[in-house]
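Using the working numbering, the letters of the sequence shown map in sequence onto residues 15 to 391. We treat Cβ as the ideally placed atom computed from N, Cα and C, and that holds for glycine. Computed from a predicted model, the values in this text were never measured in an experiment. Comments concern the structure below.
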Amino acid sequence: MAIRFNEPFLTGHERANLDAVLASGQFAGNGPFTKRAQAQLQVRTGAPHALLTHSCTGALELAAMLLDLQPGDEVLMPSFTFVSTATAFMRTGATVRFCEIDPATMTLDVADAARRLTPRTKAIVPVHYAGVGADMAGVLALARAHGLAVVEDAAQGLDAARDGRSLGTFAPLAALSFHETKNIHCGLGGALLVNDDALFDRAEDMWERGTDRSKMFKGLVDKYSWVSPGSSFYPSELQAAFLSAQLEAVDVNSARRKAIWARYAEGLAHLGQAGLLALPQVPDGVRGNGHAFFVLLPTGQQADAMREALCAQAVQVTIHYVPLHTSKMGAQLGYAPDDLPVTRSAAERLLRLPLHFGLTDRDVDQVVAAVDGFLRR
Ligand SMILES: Cc1ncc(COP(=O)(O)O)c(C=O)c1O
Numbered sequence: 015m016a017i018r019f020n021e022p023f024l025t026g027h028e029r030a031n032l033d034a035v036l037a038s039g040q041f042a043g044n045g046p047f048t049k050r051a052q053a054q055l056q057v058r059t060g061a062p063h064a065l066l067t068h069s070c071t072g073a074l075e076l077a078a079m080l081l082d083l084q085p086g087d088e089v090l091m092p093s094f095t096f097v098s099t100a101t102a103f104m105r106t107g108a109t110v111r112f113c114e115i116d117p118a119t120m121t122l123d124v125a126d127a128a129r130r131l132t133p134r135t136k137a138i139v140p141v142h143y144a145g146v147g148a149d150m151a152g153v154l155a156l157a158r159a160h161g162l163a164v165v166e167d168a169a170q171g172l173d174a175a176r177d178g179r180s181l182g183t184f185a186p187l188a189a190l191s192f193h194e195t196k197n198i199h200c201g202l203g204g205a206l207l208v209n210d211d212a213l214f215d216r217a218e219d220m221w222e223r224g225t226d227r228s229k230m231f232k233g234l235v236d237k238y239s240w241v242s243p244g245s246s247f248y249p250s251e252l253q254a255a256f257l258s259a260q261l262e263a264v265d266v267n268s269a270r271r272k273a274i275w276a277r278y279a280e281g282l283a284h285l286g287q288a289g290l291l292a293l294p295q296v297p298d299g300v301r302g303n304g305h306a307f308f309v310l311l312p313t314g315q316q317a318d319a320m321r322e323a324l325c326a327q328a329v330q331v332t333i334h335y336v337p338l339h340t341s342k343m344g345a346q347l348g349y350a351p352d353d354l355p356v357t358r359s360a361a362e363r364l365l366r367l368p369l370h371f372g373l374t375d376r377d378v379d380q381v382v383a384a385v386d387g388f389l390r391r
């Protein structure tokens, strides 16, 4: 049987919540399950406000809208990220400036970001790759020194922390993903965490299609109307109900994923010691969530060969993120692949191993044996 790269998590309690929505007749969103899931997220992360969105892409777009960026403004972010990190900010007319990563964690290299500052730099977007917190102390210090807004792309960061603080609560704004590839999901979904009370009013209006409808529900206005730019950002109650059931199972989900992560780390350590591959590093103070396990091969050719060999043995390993600066769109933005050589090299050498809640210890051992067999043949 194939060892699949991902199998979406199910708790078994989603159906009862979906039935409750069907019985309620309230489907369109911003209803009881939306409020419940938002409250669960606030308790889980410690964020003072959470707004459910239809995707992390939507949450990033809402964050970008809130920053009031103008054409010509520049936003720093790693090239090693998903396209939405960039597209969300480009939609405002701002220019994205890609930065290098530290290949030990595949997260933003803050010193490199500092070298790319210009007088037009307005914001910085660290990405918590694989649920490992980026260097937020460094990012926040840089942001303070240069008056930059910070948005955390915490798509993969639920239930992970750095220096005792939940990912997604360092910056005023942070985006989470509940896509089915994430630890906790609702098919497609996301959330914007708003950690600054002063931003919340506007965020909620933009989230409600640019209206003050939420204030009407709170009895603050007697009828609602158009008050700001906005869009249709929230998901239906069906998704919120599904997500709420999943959010009750975060602890059990994280515990199993972290156990799988640790088994990979232990099983592959000897290959790291032999210099045949590099394993992910977890900096001091980082608590991961077992979202993803990756290895870095010495060369891109070896990574390609290992991916083909393992897939031929029905072990689904995958690449991740073609760096944005090396993409077709990156070229249109004026980047050449060698503009960010550290990112290019690391991304070419990276392979992600299967990691999902349903993976057994035997599956993990089989993947480890396949990697070992390939590298020592
Ligand atoms: C770092 C990062 N940001 C944003 C996204 C977009 O998330 P969504 O699919 O929920 O829009 C992803 C998706 O995997 C991601 O990995």
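Q | Buried versus exposed, by CB contacts within 10 Å (16 or more), PHE41 | A | The count along the sequence shown starts at 1 and reaches residue 41 at position 27. It is exposed - the Cβ of PHE41 has fewer than 16 other Cβ atoms within 10 Å.
Q | Contacts around PHE307, its chain only, beta-carbon distance under 8 Å, and the 5 residues preceding and following it disregarded | A | Taking the first residue of the sequence shown as 1, we reach residue 307 at position 293. Answer for PHE307: ALA144, ILE274, TRP275, TYR278, ALA279, PRO294, ARG366, LEU367, LEU369, listed in chain order.
Q | Where the beta strand (DSSP E) containing ALA189 begins and where it ends | A | Here residue 189 refers to the residue found at position 175 when the sequence shown is read from its first residue. Secondary structure note for ALA189: its beta strand (DSSP E) is the uninterrupted segment 187 to 191.
Q. Candidates ILE115, ALA157, LEU90: which alpha carbon is nearest MET104's?
A. The residue you call residue 104 lines up with position 90 of the sequence shown. The option with the nearest alpha carbon to MET104 is LEU90.
Q. Buried or exposed: TRP221, going by 16 or more other Cβ atoms within 10 Å of its Cβ?
A. As a working note, residue 221 is residue 207 in the sequence shown. When all chains shown are included, TRP221 counts as buried.
**Q.** Cβ-Cβ distance between THR119 and PRO312 below 8 Å
**A.** Within the sequence shown, the letter at position 105 stands for residue 119. Within the sequence shown, the letter at position 298 stands for residue 312. Not a contact, by the Cβ cut-off of 8 Å.
Q | Extent of the continuous beta strand (DSSP E) to which GLY204 belongs | A | In the sequence shown, the residue the question calls residue 204 occupies position 190. Its beta strand (DSSP E) spans residues 204 to 208.
(Q) So, for ARG321: in the same chain, excluding its five sequence neighbours on each side, which residues have a beta-carbon less than 8 Å away from its beta-carbon? (A) Along the sequence shown, one-based indexing puts residue 321 at 307. Within the same chain, ARG321 has close Cβ partners VAL331, THR332, ILE333, LEU365.
Q: Taking 8 Å as the cut-off, decide whether the C-beta atoms of ARG223 and GLY204 are in contact.
A: One-based indexing of the sequence shown puts residue 223 at position 209. One-based indexing of the sequence shown puts residue 204 at position 190. No, the Cβ-Cβ distance between ARG223 and GLY204 is not below 8 Å.
Q) For ASP116, is the classification buried or exposed, using 16 other Cβ atoms within 10 angstroms of its Cβ as the cut-off for buried? A) Here the question's residue 116 lines up with position 102 in the sequence shown. Burial call: buried.
Q. If you draw a straight line from the alpha carbon of GLY372 to that of ARG18, how long is it in whole angstroms?
A. Taking the sequence shown and counting its residues from 1, one reaches residue 372 at position 358. Taking the sequence shown and counting its residues from 1, one reaches residue 18 at position 4. Near 10 Å, if we compare the C-alpha coordinates of ARG18 and GLY372.
Q. Contact between the stretch 187 to 194 and the stretch 228 to 248: three or more CB pairs below 8 Å?
A. Counting Cβ pairs under 8 Å, fewer than three are found: no touch.
Q: Look at the Cβ atom of THR357, then the Cβ atom of PHE94, and state whether they are nearer than 8 Å.
A: Walking along the sequence shown from the start, residue 357 turns up at place 343. Walking along the sequence shown from the start, residue 94 turns up at place 80. Between THR357 and PHE94, the gap from beta carbon to beta carbon is short of 8 Å.
Q. Helix, strand or coil: how does DSSP classify CYS113 here?
A. The residue given as residue 113 occupies position 99 in the sequence shown. CYS113 falls in the strand class under three-state DSSP.
Q. What is the C-beta distance between PHE96 and TYR349, in whole angstroms, given that I count them as a contact (C-beta under 8 Å)?
A. For the purposes of this step, residue 96 is taken as residue 82 along the sequence shown, with counting starting at 1. For the purposes of this step, residue 349 is taken as residue 335 along the sequence shown, with counting starting at 1. In this structure PHE96 is not in contact with TYR349, their Cβ atoms being roughly 17 Å apart against a cut-off of 8 Å.
Q: Confirm the yes/no value for this check: CB of VAL141, any heavy atom of ligand 1, distance under 7 Å.
A: Locating residue 141 in the sequence shown gives position 127, counting from the first residue. Result yes, Cβ under 7 Å from ligand 1.
(Q) For ligand 3, is there any heavy atom lying closer than 7 Å to the beta carbon of HIS193? (A) Of the ligands this structure carries, namely ligand 1, none is ligand 3.
Q. Which residues share a DSSP beta bridge with MET91?
A. For the purposes of this step, residue 91 is identified with residue 77 of the sequence shown, where counting begins at 1. MET91 is bridged by DSSP to PHE112.
Q.
Considering just the uninterrupted stretch of the alpha helix (DSSP H) at LYS229, what are its terminal residues?
A. Translated into positions along the sequence shown, residue 229 becomes position 215. That run of the alpha helix (DSSP H) goes 227 to 231.
Q) Taking DSSP as the reference, what is the three-state secondary structure of PHE96? A) Within the sequence shown, the letter at position 82 stands for residue 96. It is coil, neither helix nor strand.
**Q.** Contact set for ALA34: own chain, Cβ-Cβ below 6 Å, skip 5 residues either direction
**A.** On the sequence shown, position 20 is the one that residue 34 refers to. Taken in chain order, the list of residues that qualify is empty.
Q: Between the Cα of ARG363 and those of THR374, VAL336, CYS70, LYS342, spot the shortest distance and give me the residue it belongs to.
A: To locate residue 363, count along the sequence shown from 1; it is residue 349. Sorting THR374, VAL336, CYS70, LYS342 by C-alpha distance to the C-alpha of ARG363 places VAL336 at the top.
Q | Among PRO46, ALA64, ALA283, ALA360, nearest to ASP210 - alpha-carbon criterion | A | The count along the sequence shown starts at 1 and reaches residue 210 at position 196. When only C-alpha atoms are compared, the closest one is ALA64.
Q) Looking only at its own chain, which residues have a Cβ that is under 7 Å from the Cβ of GLY60, when we skip the five neighbours before and after it? A) Residue 60 sits at position 46 when you count from the first residue of the sequence shown. For GLY60, where only same-chain residues beyond five positions count, the Cβ hits under 7 Å are SER180, THR183.
**Q.** Helix, strand or coil at ILE333 [DSSP, three-state]
**A.** The residue given as residue 333 occupies position 319 in the sequence shown. When secondary structure is reduced to three states using DSSP, ILE333 falls in the coil class, being assigned neither helix nor strand.
**Q.** CYS325 versus ALA30: straight-line alpha-carbon distance, rounded
**A.** Numbered from its first residue, the sequence shown carries residue 325 at position 311. Numbered from its first residue, the sequence shown carries residue 30 at position 16. Distance between the alpha carbons of CYS325 and ALA30: 37 Å.
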